[in-house]
Amino acid sequence: MRNIAWLAASFLCLGSAGWSQEVADSVAPESSVAGHFDSAAPIIQEALRAKANEQPVEAENWMVSAANPLAVAAGADVLRQGGSAADAMVAVQTVLGLVEPQSSGLGGGAFLVWYDAATDELTTLDGRETAPLAATPRLFQDDTGEPLGFFDAVVGGRSVGTPGTPALMEEAHRRWGRTPWPRLFAAGIELAEDGFRVSPRLAGLVARDAERLQRYSETAAYFLPGDVPLQAGDHLRNPAYAETLRALAAKGAEAFYAGPIAAEIVQTVQNAGGNPGVLSLIDLALYQVKERAPVCAEYRVYEVCGMGPPSSGALTVGQILGMLDGYDLSATGPEAAESWRLIGDASRLAFADRGRFMADSDFVPVPEAGLVDPVYLAERGKLLNGETALEHVEPGQPKFDHALNWADDEAIELPSTSHISIVDAYGNVLSMTTTIENAFGSRLMVRGFLLNNELTDFSFRTHRDGVPIANRLEPGKRPRSSMSPTIVMKDGQPVLAIGSPGGSRIIGYVAKAIVAWADWGMDVQQAVAMPHLVNRFGTYDVEAGTEATTFSEPLSEIGFEVKERDLNSGLHVIEIGDGLKGGADPRREGIAIGE
Ligand code: GLY
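Following the working numbering, the numbering of the sequence shown begins with 133 at its first residue and continues without gaps.
See the structure below:
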C-alpha cells in the first residue's frame, strides 16, 4: 500500500493527466483521416485514459506497448488481423520512424529479443550499426590525438555507421512473419502521405535542437520549414519517406542497401559539409544481422534475459540484479534509503566492469559467462555489506580463459532511442530497443529519414596510458550499446517484456523497474512510472520534481554525490500471466494497446 501512496504523489508531480490530454488531441482526428486507425481510435483513447489513471492496460490475446499512439495503433492493427509480433514490430517501427523520427528509424540500428512459443526458445538478433571499413581508430580525435567535442563528432557524416534496422526488420519477418511483407508498410505509407499531427515531444525537441537541425538543408526544410521550428499540432507530411517505404515494401531491405537509396546515403555522408564521413557502398552491401546467444542472469525466481555484446545491456542489468540477489529488497522496500544505497552501489560496481570489459565480442574477447556467473556476483555483492556508499569502486576479476588487460572506457552516451514490447496471439514475445543514437542522430536526412550517429558510442580514445580500450573504434566493429531489450523468464516461460530509451541510464531504468515489479509488488504501470534514482558510476541521479528527491539528502549523507535532474526514460512493458498487462512510461507519449 505504501508504494501506491508514494506513486500517487509522484504522479501529481509529473502532471501526467494534462499531458495525456495533449497527446489525445494530437492523435485525433488524424487517426481517422489515415483510415487505418478508424477501429483503433477508441482503443487509443482508452489506453490514454488508463495511463492518465495510472492503471495498466489489460488484455487476453495480444498487446503492444511503444512510444507513440499512432505507431502502437499500427502494430495493433497487424496483431488484430492475425499477424505475429515480428509483423507488428515492422509496422510499429516504420510508423515510429515517421512520428518519432528523433529516436529511431530506417537510418539506425536495433537489438531484438524473441521468445518463440512454438519452440520455447529465446533468440537475440543484433541489428547494430557497424563502423565503415574505411573508419580508423582515431576517427574521433583531432590532429594532436585529443578527443573531439561530442557534438563536433556527432553532427555530420563522421558519426554515421552502416544502418541495421531495415535488415533487422526483414530478418525478423523472414523468421517469424505471418503477414505479407508489403502489407506491413501500409500504415507508414499512408500516414506519411496524408500527414500526421506533430506531437508535443517532437515539437519540443525540434525547438531545443533548432541550431543543429539547421545545418543541413534537407533536414532544415523538414523540421524548420520556412525557418520556423515545427509546432505541436502542425500537420506534417513526409512524401519522401512514403517513397522509401514503398521501395522497401516492393523489394525488401535490398532496396535500402543497394541502388539509389544506398547511393544517396553514401553521397550525403561523404559530402556532409564541415564534417564528412567515410561510409561507402561496400559497407551497405556487406551489412549483416547477427544472431547472438542470449545473456541470462538469475534474479530471485527469475531468469532475466537479453542482448549480449555488442550491447552491455543484459550483462550490466544482470550484474546489478545478481549482486542485489543476496539482499532482501522486499523487506527494506522502496521508501528506505538503504534500498537505494544497495541499488546505487550495485550499479556502480556493474558499470565499473562494463567500462573495462564490455565491447563488440567479434573484436575483443569479452568474459560474458564470467560477468554474470552467480558465484562471481555473490562474491562481488558482499562489497555492498556496509552502511555507507563505497569509497572505492574498481572493476572485478570475472573468470575467463584469456589474459585481459583493458583500460577503462569513457564513451559518452546521451539519452535518445525507443523501446517496443509486443506479445502476439500465438504467445510469441518480442522486446526490441531501437535507436539512431542522439536525438535526431547525425542530423543528416536522406529520403525522409535521419541517419544515425551511432559511431559516437565508441570510445573516442583508443588507449589509456598505453593500455587499449575494449570499446575503441575499429573498421567493421559495432559500438558498445546500453540498450537492454529484456524478456524475464520464470520456469522456462516468459513473464515480462521490458526495455527503455535513455542512453547509458537505460540499464538503471530497466533494472529498477524489474526490482519494483519483482520485489516491491508494483504492477507494470506503477513500475514504469516510479520516480527514478540511477547511478552510472558517477553522480547518483535523482529525478527532479518527484518524491525521489526525498532521498537526495540521506544519500548525500552516506557519501553519494547526488544530482537532481530530469530523467526521461521511456519504459514500455508487458506482463504475461493469466492475461496480459501493459504499461507505458508517463514521461513519454507512448501507450499500450491490447485485446
Ligand atoms: N545509442 C544508445 C545505445 O545504443 O545505448
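Don't be surprised by glycine CBs; every beta carbon is placed ideally from N, CA and C.
With hydrogens ignored, establish whether the beta-carbon of T549 is closer than 7 angstroms to any heavy atom of the ligand GLY.
-> For the purposes of this step, residue 549 is identified with residue 417 of the sequence shown, where counting begins at 1. Indeed, a heavy atom of the ligand GLY lies less than 7 angstroms from the Cβ.
Ignore the nearest five residues each way along the sequence and tell me which others in A285's own chain have a CB closer than 6 angstroms to its CB.
-> Here residue 285 refers to the residue found at position 153 when the sequence shown is read from its first residue. Residues of the same chain with a CB within less than 6 angstroms of the CB of A285, apart from the 5 flanking positions on each side, are F272, S291, T588 in chain order.
Nearest to R719 by CA position, among D698, D710, E707, is which residue?
-> Taking the first residue of the sequence shown as 1, we reach residue 719 at position 587. Minimum Cα distance to R719 is reached at D698.
Can you grab the Cα-Cα spacing for the pair K514 / G454, in whole Å?
-> On the sequence shown, residue 514 is found 382 positions in, with the first residue counted as 1. On the sequence shown, residue 454 is found 322 positions in, with the first residue counted as 1. Each residue's Cα considered, the two are about 11 angstroms apart.
Pull up the distance between the alpha-carbon of K695 and that of A318, whole angstroms please.
-> Along the sequence shown, one-based indexing puts residue 695 at 563. Along the sequence shown, one-based indexing puts residue 318 at 186. Rounded to whole angstroms, K695 to A318 spans 45 angstroms at the Cα level.
Roughly how many angstroms separate the alpha carbons of A421 and G288, rounded to a whole number?
-> Numbered from its first residue, the sequence shown carries residue 421 at position 289. Numbered from its first residue, the sequence shown carries residue 288 at position 156. According to the sequence shown, residue 421 is Val rather than Ala. A straight line joining the alpha-carbon of V421 with that of G288 spans about 25 angstroms.
Quick one: is the Cβ of S613 within less than 7 angstroms of any heavy atom of the ligand GLY?
-> The count along the sequence shown starts at 1 and reaches residue 613 at position 481. Inclusion of S613 in the 7 angstroms shell around the ligand GLY follows from its C-beta lying nearer than that to a non-hydrogen atom of the ligand.
From which residue to which residue does the alpha helix (DSSP H) around D415 run?
-> Here the question's residue 415 lines up with position 283 in the sequence shown. Where D415 is concerned, the enclosing alpha helix (DSSP H) starts and stops at 413-418.
With N667 and R480 assumed to form a contact (beta carbons below 8 angstroms), what rounded beta-carbon distance in angstroms separates them?
-> Within the sequence shown, residue 667 is the residue found at index 535, counting from 1. Within the sequence shown, residue 480 is the residue found at index 348, counting from 1. That pair is a contact at about 6 angstroms.
Let me know if T276 comes out buried or exposed under the rule of 16 or more other beta-carbons within 10 Å of its beta-carbon.
-> Stepping through the sequence shown from its first residue, residue 276 is reached at position 144. Answer is exposed; the Cβ neighbour count stays below 16.
Going by the C-beta, is G327 closer than 7 angstroms to any heavy atom of the ligand GLY?
-> In the sequence shown, the residue the question calls residue 327 occupies position 195. Every heavy atom of the ligand GLY is 7 angstroms or more from the Cβ of G327, so no.
Helix, strand or coil: which one does DSSP assign to Q625?
-> Within the sequence shown, residue 625 is the residue found at index 493, counting from 1. Here Q625 sits in strand by DSSP.
Whose C-alpha, out of F572, S493, H367, is nearest the C-alpha of A324?
-> Your numbering for residue 324 matches position 192 in the sequence shown. Nearest of F572, S493, H367 to A324, Cα basis: H367.
Applying the criterion that 16 or more other CB atoms from any shown protein chain within 10 Å of the CB defines a buried residue, is Q153 buried or exposed?
-> Within the sequence shown, the letter at position 21 stands for residue 153. In this prediction, Q153 has a pLDDT of 43, which is less than 50 and means its spatial position is unreliable; what the coordinates show is noted afterwards. Under a 10 Å Cβ-count criterion, Q153 is classified as exposed, with fewer than 16 other Cβ atoms of the shown protein chains found around its own Cβ.
Alpha carbon to alpha carbon, what distance is there between Q658 and G677?
-> Translated into positions along the sequence shown, residue 677 becomes position 545. Translated into positions along the sequence shown, residue 658 becomes position 526. Between G677 and Q658, the C-alpha separation is close to 17 angstroms.
Can you check whether the CB of D415 is closer than 8 angstroms to the CB of T262?
-> Stepping through the sequence shown from its first residue, residue 262 is reached at position 130. Stepping through the sequence shown from its first residue, residue 415 is reached at position 283. Yes, they are a contact pair.
is_contact[G465, chain B] using C-beta, thresh 8 angstroms = This model lacks chain B altogether; it includes just one protein chain.
R479 lies in the alpha helix (DSSP H); which residues open and close that run?
-> Position 347 of the sequence shown, counted from the start, is the residue given in the question as residue 479. The sequence shown places Ser at residue 479, not Arg. Counting along the chain, the unbroken alpha helix (DSSP H) around S479 starts and ends at 469-489.
Are the CB atoms of V204 and V224 nearer to each other than 8 angstroms?
-> Counted from its first residue, the sequence shown places residue 204 at position 72. Counted from its first residue, the sequence shown places residue 224 at position 92. Closer than 8 angstroms, so yes.
At a cut-off of 7 angstroms, is T567 close to the ligand GLY when judged by its beta-carbon and the heavy atoms of the ligand?
-> Reading the sequence shown from its first residue, position 435 is the one you call residue 567. True, at least one ligand heavy atom lies under 7 angstroms from that Cβ.
Inter-residue Cα distance where the pair is P426 and V504 = As a first step, residue 426 is located in the sequence shown; it is residue number 294 there, counting from the start. As a first step, residue 504 is located in the sequence shown; it is residue number 372 there, counting from the start. Using only the alpha carbons, I get a separation of about 12 angstroms.
Assign G167 to buried or exposed, taking buried as 16 or more other Cβ atoms, counted over all protein chains shown, within 10 Å of its Cβ.
-> For the purposes of this step, residue 167 is taken as residue 35 along the sequence shown, with counting starting at 1. Bear in mind that a pLDDT of 43 at G167, under 50, signals an unreliable position, so the model cannot answer this.
Going straight from the alpha carbon of V627 to that of P617, what length do you get?
-> Reading the sequence shown from its first residue, position 495 is the one you call residue 627. Reading the sequence shown from its first residue, position 485 is the one you call residue 617. Spanning the two alpha carbons is a distance of roughly 14 angstroms.
For D209, the three-state DSSP class (helix, strand or coil) = Residue 209 sits at position 77 when you count from the first residue of the sequence shown. If DSSP states are grouped into helix, strand and coil, D209 belongs with the helices.
Among G450, S591, T400, which residue has its Cα nearest to the Cα of D492?
-> Position 360 of the sequence shown, counting from 1, holds the residue named residue 492. Closest by alpha carbon: S591.
Member of A218, Y348, N200, P264 whose CA lies at the smallest distance from the CA of Y558 = Start at 1 with the first residue of the sequence shown, and residue 558 comes out as number 426. Ranking the options by Cα distance to Y558, first place goes to A218.
Same chain, Cβ closer than 7 angstroms to E526, neighbours up to 5 away in sequence not counted | Reading the sequence shown from its first residue, position 394 is the one you call residue 526. The beta carbon of E526 sits closer than 7 angstroms to the beta carbons of A484 from its chain, once the five residues preceding and following it are set aside; these are given in chain order.
Grab me the residues of A160's own chain with a C-beta within less than 6 angstroms of its C-beta, minus the 5 sequence neighbours each way, in chain order.
-> For the purposes of this step, residue 160 is taken as the residue at position 28 of the sequence shown. Because A160 sits at a pLDDT of 44, beneath the cut-off of 50, its placement in the model cannot be relied upon, and the following sentence gives the value as read from the coordinates. Cβ neighbours of A160 beyond the five flanking positions: none.
Report yes if the CB atom of S550 is closer than 8 angstroms to the CB atom of S236, and no otherwise.
-> As a first step, residue 550 must be located in the sequence shown, where it is residue number 418. As a first step, residue 236 must be located in the sequence shown, where it is residue number 104. The answer is yes: Cβ separation under 8 angstroms.
Three-state secondary structure (DSSP) at R110?
-> Residue 110 cannot be examined here, being either before or after the span of the chain that is shown, 133 to 727.
Please work out which residues of its chain come closer than 6 angstroms, Cβ to Cβ, to V620, disregarding the five sequence neighbours upstream and downstream, and give them in chain order.
-> One-based indexing of the sequence shown puts residue 620 at position 488. Contacts found: Y434, V436, V627, L628.
So is the beta-carbon of G635 under 7 angstroms away from any non-hydrogen atom of the ligand GLY?
-> Indexing the sequence shown from 1 puts residue 635 at position 503. The answer is yes for G635.
With a cut-off of 8 angstroms on the beta carbons, I'd call S197 and I706 a contact; round off their distance for me.
-> On the sequence shown, residue 197 is found 65 positions in, with the first residue counted as 1. On the sequence shown, residue 706 is found 574 positions in, with the first residue counted as 1. Taking 8 angstroms as the upper bound for CB-CB distance, S197 and I706 are in contact here, some 6 angstroms apart.
Is any heavy atom in the ligand GLY found nearer than 7 angstroms to the beta carbon of D541?
-> As a position in the sequence shown, residue 541 is number 409, starting the count at 1. Proximity of the beta carbon of D541 to the ligand GLY is not indicated: no heavy atom of the ligand is located closer than 7 angstroms.
Tell me whether E586 counts as near the ligand GLY, meaning its Cβ is closer than 7 angstroms to at least one heavy atom of that ligand.
-> The sequence position of residue 586 within the sequence shown is 454, counting from 1. Under cutoff, so the answer is yes.
Quick one: what's got a C-beta closer than 6 angstroms to P607's C-beta in the same chain, skipping five residues either side?
-> Counting from 1 along the sequence shown, the entry for residue 607 is found at position 475. These residues qualify, in order along the chain: A263, L265, A267.
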